[in-house]
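The block underneath contains the structure these notes are about, expressed in structure tokens.
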Amino acid sequence: MSTFLWVVVPYICLTVFVVGHAWRYRYDKFGWTTRSSQLYERTLLRIGSPLFHFGMLGVVGGHVIGLLVPRSWTAAVGIDDHVYHVVAVGGGLVAGIMATVGMVILIYRRRTVGPVFSATTPMDKVMYLFLGVAILLGMWNTIAGSIFTLGGEYNYREGVSVWYRSFLAFQPDAGLMADAPLGFQLHALVAFGLFALWPFTRLVHVFSAPVGYLTRPYIVYRSRDEQELGSHTPRRGWDRINK
Amino acid sequence: MRVMAQMAMVMNLDKCIGCHTCSVTCKQAWTNRSGTEYIWFNNVETRPGLGYPRTYEDQDKWKGGWELNKSGRMKLKGGGRFKSLVTIFSNPKLPSIDEYYEPWTYDYATLTDAPAQEHTPVARPKSLISGKNMKISWSANWDDDLGGSTETAHRDPMLAKIADKVKFEFEQTFMFYLPRICEHCLNPSCAASCPSGAIYKREEDGIVLVDQDKCRGWRKCVSGCPYKKIYFNHRTGKAEKCTFCFPRIEVGLPTVCAETCVGRLRYIGLMLYDADKVLEAASTEDEHGLYEAQRDVFLDPFDPEVMREAEKAGIARDWIDAAQRSPIYALINTFRVALPLHPEYRTMPMVWYIPPLSPVVDVVQETGEDAEDKGNLFAAIDALRIPVEYLAELFTAGDVAPVDAVLKKLAAMRCYMRDINMGRESDPSIPAAVGMSEEEMYDMYRLLAIAKYDERYVIPSAHTEQAHSLEELGTECAVSEYGGGQHDLFGEGSGTPTPIAVENFEMLQNRQTADTLAGPENKGARVNLLNWDGKGSPPGLFPPKGPDS
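Chains as they are written, first to last, in my numbering: chain A, 42 to 284; chain B, 8 to 556.
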């Protein structure tokens, strides 16, 4: 069972994540967008969206540090566990609260503002469910697990993080995850579900974060495109095998 | 010198009767889809008036276009690259739908479905955004013909600049129409604002386009364009803009708006310009100098050196010929009667305007004096400061002198030609008063008043050896090859791209077979005017004829 949950499922989700993105990018560049609803409603978005997105940037940054940097490295540069814990929980709380509050505002807006709600696809709703549950479970782990230590002391840097690195190195150690508290297990599972959904939702816009804008010339010139114009045979999608 | 060719347009405002035919045919051709209801690639504004979207010219508020920083270098008025990325999650300068208008349709079915009753049934307006009943309170041309302008016109940002002199009273007012399309600027701030780099300027003809496959819907172009001529399609989540009807231009046809203009006031032709000088010209410190600076960027297509450099730059011989015959070059540089719209935005716009003499003529006529007399007209141009200053705010960043000069040329043409038309001896002192020869004056008259089709539109077609890459000629595979896949899986319009011609064919078919009005099940349905050559009735505009008719 633990092999299934902590080896098979994660790798399936990772595969779907990678292959799904490649496929979507080839097949559906036109659908690759943020699907902004700012035109419909701006007041709530003005507060909720930056809160959520900046919060999420913090959350993602925190996960990268927490999951990918081994305990021995931080110890080597002289950061002891207590300092690390305080910084991680403090930063995590701030980012997490920002993301949670932002998300609550955005979901409230999505539900109550008529035009925004009617522009919501079923895929959006499923995605919101996974994203929301993942964030709430993450907050629970931070607050209940790390601050009030409900259910006993657990240092994820000795458990979850090690498993995650072993997972990325294709030598997964399922036992580490099986020993983790339920909150962490659920959080990881929901997150993997979200990763599997990712390529098929509007979340793909994360991968078009326009950092290239900082360096490219202002005005783009392009020749009338021989290759990309629509007059050419369309690229193959998933269902064109009967050709 | 780096010679580039630019497809450009000039509009002769004296001839505009404000019929909105250009807007309607453009809409039929390009934005007759859901998500684009409020999008007018071409719109006609009554000036003085608020424009579309409302008060778009107030750049203190909307922060569109460029400005000079303290060291005299160009920067985007909306803020630099870093600021742009930091505010990407909620664009603070994006106009809300209220600044445009909430699009609607009518519940027409009740007109025929309603049971017999005492009162005539009415079709209520339904919002195309929320689907609910709505009260219509604004639209794309709500203040058409100065309707309600006593209430709203004081908010016209251009009028505000000369406001202390304006009494907006019905008896003293003036008005004219201003048709607007995308300016296809030489220094487009929309393209510069686009974080994804999806907006590009075509090397061949300078047409500014949005790559729909690269656009990620960040909406920065909407706020970056000072003319607000980039719109956000709220269904596909992508930016859309006037395309200068490039599939038509590529095969030598004028744009739909120009082709269908009943006043024949639009001119289309090529301009050659020196791409190396654009930035320098746009950085001219004095706003009043921008008009002249932009004129200096244009190259004389008769200059042998320019011709040589153009050929080196890969511009074909027939394109250089077209640039020589270009009505745009004649109006901008030879006769100098065309002026750019809002040069102070520093985007180097390429749709220019011949300012209207009609506000002046109207006033002279009302006094009972001869409105074709040079003395009267010249005196009126000098005396009627308000219309002239207003025009200057639009076309020369407030500098009255160039507007004065153009209006006097137009007035002189009127007087000079009257003598000829009445069979009298022509008076060479009239053209001389505005620094023109008699022959030049007659040529200008011919271009402005006779305005033959071949002289208004000098559009060199793209070359046949490139035919396979032209949209209109796309013949590589049959129509049936397209559209077999699963459409709309990730929202409207997702999936592989379809050539415009094929897309139109499909939409036509869908529209003809759809039986819903608002929000048709196939969201793409529209009538195709893009390929219509003006003969017969455009396919899809009327329902198919039944078997008995």
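Ideal Cβ positions, reconstructed from N, Cα and C, are used throughout, including at glycine.
Please read all numbers here as calculations on a predicted model, not as lab measurements.
> So what does Tyr-238/B bridge to, in DSSP terms?
Replying inline: Glu-247/B
>> By the DSSP assignment, the alpha helix (DSSP H) with Arg-324/B in it spans what residues?
In response: 324-331
> Skipping 5 residues on each side, what residues in its chain have a beta carbon closer than 7 Å to that of Thr-32/B?
Replying inline: Val-263, Cys-264, Thr-267 and Leu-536
> Going by the beta-carbon positions, is the gap between Val-358/B and His-191/B smaller than 8 Å?
Replying inline: yes
> Considering Lys-70/B, what are the terminal residues of the beta strand (DSSP E) in which it resides?
Replying inline: Element bounds for Lys-70/B: n/a, residue is neither H nor E.
>> Using the Cβ count rule (16 or more neighbours within 10 Å means buried), how would you classify Ser-436/B?
In response: exposed
> How do the stretch 134-143 of chain A and the stretch 169-188 of chain A stand: do at least 3 beta-carbon pairs fall below 8 Å, yes or no?
Replying inline: yes
> If you draw a straight line from the alpha carbon of Pro-261/B to that of Leu-454/B, how long is it in whole angstroms?
Replying inline: 17 Å
> Do Lys-208/B and Val-215/B come within 8 Å of each other at the CB atom, strictly closer than that value?
Replying inline: yes
>> Which residue marks the beginning of the alpha helix (DSSP H) containing Lys-227/B, and which one marks its end?
In response: 227-231
>> Tell me the DSSP secondary structure of Asp-426/B in three-state form.
In response: helix
> In or out: Gly-271/A buried (at least 16 other Cβ within 10 Å) or exposed?
Replying inline: With a pLDDT of only 43 at Gly-271/A, under the threshold of 50, the placement of this residue in the model should not be trusted; the figure read from the coordinates follows. Buried, by the Cβ-count rule.
>> Can you tell me whether Gln-226/A is helix, strand or coil according to DSSP?
In response: helix
> Residues of chain A with a CB under 9 Å from the CB of Glu-210/B: which are they?
Replying inline: Tyr-262, Arg-263, Ser-264 and Arg-265
>> Measuring alpha carbon to alpha carbon, tell me which residue in Pro-186/B, Gly-296/B and Ser-444/B is nearest Ala-404/B.
In response: Gly-296/B
> Is the Cβ-Cβ distance between Asp-21/B and Pro-363/B less than 8 Å?
Replying inline: yes
> Since Ala-198/B meets chain A, which of its residues come closer than 8 Å, beta carbon to beta carbon?
Replying inline: Tyr-259, Ile-260 and Val-261
> From the beta carbon of Met-357/B, is the nearest beta carbon of chain A less than 8 Å away?
Replying inline: no
> Skipping 5 residues on each side, what residues in its chain have a beta carbon closer than 7 Å to that of Ala-525/B?
Replying inline: The pLDDT assigned to Ala-525/B is 39, lower than 50, so where the model puts this residue is not dependable; a value taken from the coordinates is nonetheless given after this. The residues are Thr-112, Lys-133 and Leu-135.
> In the structure shown, what three-state DSSP assignment does Phe-241/A receive?
Replying inline: helix
>> Using a Cβ-Cβ cutoff of less than 7 Å, which residues in the same chain neighbour Pro-186/B once the five nearest sequence positions on both sides are dropped?
In response: Met-18, Cys-23, Cys-29, Asn-49 and Val-51
>> Can you find the residues in the same chain that come closer than 8 Å, C-beta to C-beta, to Ser-433/B, ignoring five residues on each side of it along the sequence?
In response: Tyr-423, Asp-426, Ile-427 and Glu-445
>> For Ala-12/B, list the residues DSSP reports as bridge partners.
In response: Leu-279/B
> Along the stretch 74-95 of chain A, what residues have a CB closer than 7 Å to any CB found in chain B?
Replying inline: Thr-74, Thr-75, Arg-76, Ser-77, Gln-79, Leu-80, Tyr-81, Arg-83, Leu-86, Arg-87, Ser-90, Pro-91 and His-94
>> Any C-beta of chain B within less than 7 Å: which residues of the stretch 99-131 of chain A qualify?
In response: none
> Alpha carbon to alpha carbon, how far is Asp-120/B from Ile-138/A?
Replying inline: 54 Å
>> Looking at the strands, I want to know which residues DSSP matches up with Lys-166/A.
In response: In DSSP, Lys-166/A forms no bridge with anything.
> Exposed or buried, which one is Arg-533/B when buried takes at least 16 other CB atoms within 10 Å?
Replying inline: Summary for Arg-533/B: the model assigns pLDDT 45, below 50, so the residue's position carries little reliability, and this model does not support an answer.
> How about Met-429/B and Met-451/B: are their beta carbons less than 8 Å apart?
Replying inline: no
>> Let's see if you can read the secondary structure: which residues bound the alpha helix (DSSP H) around Leu-166/B?
In response: 164-168
>> For Ala-330/B and Arg-463/B, what's the separation of their Cα atoms in angstroms?
In response: 13 Å
>> Can you pull the chain A neighbours of Arg-255/B, defined as C-beta to C-beta under 7 Å?
In response: What Arg-255/B touches in chain A: nothing, since even the nearest Cβ is about 14 Å away.
>> Just checking: is the beta-carbon of Pro-213/A within a distance shorter than 8 Å of some beta-carbon in chain B?
In response: no
> What does Phe-96/B touch in chain A if you count any residue whose Cβ is under 7 Å from its own?
Replying inline: Ser-90, Pro-91 and His-94
>> My parser needs the alpha helix (DSSP H) runs of 4 or more residues fully inside the stretch 365-438 of chain B; what are they?
In response: 365-373, 381-390, 392-402 and 407-428
> What whole-angstrom Cβ distance do Glu-106/B and Arg-61/B have, given they're in contact under 8 Å?
Replying inline: 5 Å
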